[in-house]
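Trainee: Chains as they are written, first to last, in our numbering: chain A, 984 to 1389; chain B, 984 to 1389.
We put the CB at the ideal spot given by N, CA and C, even for glycine.
Number of protein chains: 2
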Amino acid sequence: MLLSHLNFAKKVAIWQKTAALLSLITLNAMAQEVGQRERLVSPELKDDNTVVFSIRAPKAENVTLSGNWMPMVPDGNQGMKRQTVALTKDGQGVWSATVGPLEPELYGYSFLVDDVTTLDPSNLMVARDGTFRTESLLYVPGDASDLYWAKTGPKGSVHQIWYESPTLDLTRRMFVYTPPGYHESKEDYPVLYLLHGGGGDEEAWPTLGVAPTILDNLINSGKAKPMIVVMTNGNPTQASAQTISPKLPKVEQSARGMANMMFEKSLVNDVIPYIENNFRVKANKENRALTGLSMGGLQTINTSFENPNLFDYIGVMSMGFADLSRFGIEVDHSKRAQQILALKEADPELYWIACGKDDFLYESVVTMRNELDKQDFDYKYRESIGGHTWSNWRIYLSEFAPMLFK
Amino acid sequence: MLLSHLNFAKKVAIWQKTAALLSLITLNAMAQEVGQRERLVSPELKDDNTVVFSIRAPKAENVTLSGNWMPMVPDGNQGMKRQTVALTKDGQGVWSATVGPLEPELYGYSFLVDDVTTLDPSNLMVARDGTFRTESLLYVPGDASDLYWAKTGPKGSVHQIWYESPTLDLTRRMFVYTPPGYHESKEDYPVLYLLHGGGGDEEAWPTLGVAPTILDNLINSGKAKPMIVVMTNGNPTQASAQTISPKLPKVEQSARGMANMMFEKSLVNDVIPYIENNFRVKANKENRALTGLSMGGLQTINTSFENPNLFDYIGVMSMGFADLSRFGIEVDHSKRAQQILALKEADPELYWIACGKDDFLYESVVTMRNELDKQDFDYKYRESIGGHTWSNWRIYLSEFAPMLFK
């Protein structure tokens, strides 16, 4: 293990050095932009998985680090806030802190420089978390995070595709992952439909969710069957992630849109037929799986209840039978028992529910399990540590995918 | 025009409002993260194309804005720096400045908060400029930037594909754009190979270069023929953009790698055969085009000289016959006249050279044109304003693509 960390740290150093060398040809232009200042190495991962974070801020009075490995603590104002770590300043105005050792994981973090949220200027690994924020990324290698990064070996392709959704009256974008070997073979493949959460869009699972890489690694190690993975945009008002174009149509709609079943209708009427007409797909219940997180979990519940014979594998992540009335979302509970019985009758191979102990929707999962139990509905339950986080959703995907199509 | 700007501003407002509503379901989690602070709107584009930039920084003593629409000025230390705009603070600790009116364009910018480079926390549109930086993006709509954003209408697909490069002994990633209609039709298509610059990677043209959107818009308006566009990684030592995996192999290599012709060899021996075997392609000289910027311009020159009968359309952006000896890159000049004559004999349909008046490589283009003129070599020259910038490269692509395959 230590050796592989050494290799990793060395590789990062080589990468940074080589990147600098390859940049030489635009050095003139560059020098104008960044001045003559030496580039810091941040974050710097040490052999023991401690990490040194650094930022140059000579005039700042207070610099802290906020990373999603840190716990939430009371903010003194009836809310919660993420715990932070204080950095200390050296004689050159560089602030730094050593953190950890950290568990293997893909982390997001940012600095607070005199309370201004600042991405790490030395770190080019940045991801957007839906409409919430952008954050700097840190990968700590190890067994628990081994699925999250590309390695040598065969790889799937990711296709950004626009399709017509007559249901939503939009031309919409989705990402379709085809597994290693898809383009060389003549085989048909099973399909997993993978839904993001509220505030997210079709870029969520391919980026922070690292779904394509997780699938490559699971498939290459024989843990999951080769499958197609379809990552849609679950916001029924949105043609695509709006960062790619404010010019695309966007229907004004309230939060109620999340429960108006329009996305679910478009998934069944528009997305699945498109996939089954345009990819080499085993187009039957036995070879269709559906899972989603949070809002996508709600859409998974809704879709499986409305279409009990469509999917043989159903996964609900970080969502249950939630009371959404405070958001103006009213759910018709009277149909529930009937829907559960219809799905029980359809007898899917797997109904899987996963939630973290600290998830703010945990109680909704308890409610859901109680209602399923009342009807003797057969499901598997996976309770993890942690809350409503990408860390958990990557783990859930890593566990759900291997159970499919077997 | 004014009306369309109103619409645009309104759309952005609607987008932000709807995004906030769609996020409600994770509001509990969110509130913990961002505290109770109201989200600023920044940048705020006004009807007259002035733009208000804002950032909350109550403790800061000095906040400036650095945007790539601003000119370079002497830094007082024999170098150049980007001119900045000072922001002023209101009673709530929010700093802001009104800039412009700005010309229609896709801009990158950042704040300097007490000299710390800070992306705009209110703006989720962020792009990575190779190994140089990440920056916040601002789109100012208008005729000159109309090609750069997705609109309604048919759209091409973008495929992230891994291919074997025996030449470089790497499994490598590239982006392949297939035009609107490709998947429905049975036709074969011409191919444009589109190369990025030093410090960049295969993500450069699809993101900052917005090549897929430019092509969609050119093709849908009938200005360019439908074509496939191949966006490779031009760093011969790199499997892919290293932000996606430090675990992938990366060969340690000096800047000399840029001139060792290995990428050019892999383009001809690995990339082109892969494309011609895996896509519906018109596999002949008349239907192959090659262009690249800066380092990719050098690779374009090299490839066209070494393979005079491969491409009928060749475009060199922001590069000429540069003296790269200060970077340890020695070019064998003795073959040049002979190479020019061989290419003249092959008689390509178009040899196009584009450069900005302020480009730091401008003199290399003068040298190149002189040497081509000496051999009576037929080329077209496009001189633009500005320098070594994505603004120019997007314009060049917008002008080059319509001249192809006609």
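Against chain A, with Cβ distances strictly below 8 Å, would B:Lys-1340 count as a contact?
Mentor: Not closer than 8 Å to any Cβ of chain A, the Cβ of B:Lys-1340 fails to qualify, so no.
Trainee: Mark A:Asp-1097 as exposed unless 16 or more other C-beta atoms lie within 10 angstroms of its C-beta, in which case mark it buried.
Mentor: It counts as buried.
Trainee: Quick one, which of A:Pro-1124, A:Ala-1224, A:Ser-1168 has its alpha-carbon nearest A:Gln-1143's?
Mentor: Minimum Cα distance to A:Gln-1143 is reached at A:Ala-1224.
Trainee: May I ask you to list, following chain order, the residues of the segment 1207-1222 of chain A that have a beta carbon less than 7 Å from some beta carbon of chain B?
Mentor: Listed by position, the residues of the segment 1207-1222 of chain A near chain B (Cβ gap below 7 Å) are Asn-1218, Thr-1220.
Trainee: Exposed or buried, which one is B:Asp-1152 when buried takes at least 16 other CB atoms within 10 Å?
Mentor: Answer is exposed; the Cβ neighbour count stays below 16.
Trainee: Kindly indicate the opening and closing residues of the alpha helix (DSSP H) around A:Gly-1280.
Mentor: Counting along the chain, the alpha helix (DSSP H) containing A:Gly-1280 begins and ends at 1278-1289.
Trainee: Counting C-beta neighbours from all protein chains within 10 Å, is the total for A:Asp-1184 16 or more, i.e. buried, or is it exposed?
Mentor: Looking at its Cβ environment, which holds 16 or more other Cβ atoms inside 10 Å, A:Asp-1184 is buried.
Trainee: Can a CB atom of chain A be found closer than 8 Å to the CB of B:Trp-1373?
Mentor: No, because no Cβ of chain A sits closer than 8 Å to the Cβ of B:Trp-1373.
Trainee: Between B:Ala-1329, B:Leu-1177, B:Met-1210, B:Gly-1164, which has its C-alpha nearest B:Ala-1266's C-alpha?
Mentor: For the residues B:Ala-1329, B:Leu-1177, B:Met-1210, B:Gly-1164, the minimum Cα distance to B:Ala-1266 belongs to B:Met-1210.
Trainee: Determine, using beta carbons only, whether B:Ala-996 comes closer than 8 Å to chain A.
Mentor: For B:Ala-996, the predicted structure reports a pLDDT of 38, less than 50, and the residue's modelled location is therefore unreliable. The matter cannot be settled from this model.
Trainee: Over the uninterrupted beta strand (DSSP E) stretch that includes A:Ser-1037, give me the two end residues.
Mentor: Residues 1034-1039.
Trainee: Along the segment 1069-1100 of chain A, what residues have a CB closer than 7 Å to any CB found in chain B?
Mentor: Flagged, chain order: Val-1096, Asp-1097, Asp-1098, Val-1099, Thr-1100.
Trainee: Kindly indicate which three-state DSSP category B:Glu-1147 falls into: helix, strand or coil?
Mentor: It is a strand residue.
Trainee: Within the segment 1028-1093 of chain B, note down every full beta strand (DSSP E) run reaching 3 residues or more, in order along the chain.
Mentor: Qualifying beta strand (DSSP E) stretches, in chain order: 1034-1039, 1046-1050, 1055-1057, 1063-1065, 1077-1082.
Trainee: Given that a residue counts as buried once 16 or more other Cβ atoms are within 10 Å of its Cβ, and exposed if not, what is B:Arg-1271?
Mentor: Buried, since its Cβ has 16 or more Cβ neighbours within 10 Å.
Trainee: Does the beta carbon of A:Ala-1040 come closer than 8 Å to any beta carbon on chain B?
Mentor: So yes, A:Ala-1040 belongs to the interface.
Trainee: Hey, quick one: how far does the beta strand (DSSP E) through B:Tyr-1296 stretch, first residue to last?
Mentor: 1296-1300 is the extent of the beta strand (DSSP E) around B:Tyr-1296.
Trainee: Tell me the DSSP bridge mates of B:Lys-1363?
Mentor: Answer is B:Trp-1335, bridged to B:Lys-1363.
Trainee: Shorter than 8 Å from the beta carbon of A:Val-1348 to some beta carbon of chain B?
Mentor: No, no contact with chain B.
Trainee: Within 10 angstroms of its Cβ, does A:Thr-1196 collect 16 or more other Cβ (buried), or is it exposed?
Mentor: With 16 or more other Cβ atoms within 10 Å, it is buried.
Trainee: Find out if the Cβ-Cβ distance for the pair B:Val-1034, B:Leu-1095 is shorter than 8 Å.
Mentor: Contact flag unset, no.
Trainee: By how many angstroms is the C-alpha of B:Ala-1187 removed from the C-alpha of B:Asp-1112?
Mentor: Cα to Cα, B:Asp-1112 sits roughly 7 Å from B:Ala-1187.
Trainee: Any idea which residues DSSP pairs A:Arg-1111 with across the strands?
Mentor: A:Thr-1117.
Trainee: Could you check whether B:Pro-1162 and B:Gly-1136 sit closer than 8 Å to each other, using their CB atoms as the reference points?
Mentor: Not closer than 8 Å, so no.
Trainee: Note down the Cα distance separating B:Pro-1173 from B:Gly-1279, rounded to an integer number of angstroms.
Mentor: B:Pro-1173 and B:Gly-1279: Cα-Cα distance of roughly 20 Å.
Trainee: Check the C-beta distance from B:Leu-1175 over to B:Val-1212 and give it rounded, since I have them as a contact under 8 Å.
Mentor: That pair is a contact at about 5 Å.
Trainee: How many Å lie between B:Met-1108 and B:Val-1123 at the Cα?
Mentor: Roughly 13 Å separates the two Cα atoms.
Trainee: How should B:Asp-1073 be labelled, buried or exposed, when 16 other C-beta atoms within 10 angstroms of its C-beta is the threshold for buried?
Mentor: B:Asp-1073 is exposed by the Cβ-count criterion.
Trainee: Residues in the segment 1137-1169 of chain B with C-beta within 7 Å of chain A's C-beta atoms, listed in sequence order?
Mentor: Flagged, chain order: Lys-1138, Ser-1140, Val-1141, His-1142, Gln-1143, Ile-1144, Trp-1145, Thr-1154, His-1166.
Trainee: Counting only C-beta atoms, is A:Leu-1355 closer than 8 Å to chain B at any point?
Mentor: Cβ-Cβ to chain B under 8 Å: no for A:Leu-1355.
Trainee: Please go through the same chain and pick out, in chain order, the residues whose beta-carbon is closer than 8 Å to the beta-carbon of A:Asp-1058, but skip the five residues on each side of it.
Mentor: Here the set comprises Lys-1064.
Trainee: Can you list, in chain order, the residues of its chain with a C-beta nearer than 6 Å to that of A:Asn-1200? Leave out the 5 residues immediately preceding and following it.
Mentor: Within the same chain, A:Asn-1200 has close Cβ partners Leu-1130.
Trainee: Just to make sure I have the definition right: I need the residues of chain A whose C-beta is within less than 7 Å of the C-beta of B:Arg-1319. Which are they?
Mentor: The contacting residues do not exist; B:Arg-1319 stays about 19 Å from chain A at best.
Trainee: In three-state terms, what does DSSP make of A:Gly-1182?
Mentor: Coil at A:Gly-1182, not helix or strand.
Trainee: Can you pull the chain A residues whose beta carbon is under 9 Å from the beta carbon of B:Arg-1263, in chain order?
Mentor: Chain A residues near B:Arg-1263: none, gap ~13 Å exceeds 9 Å.
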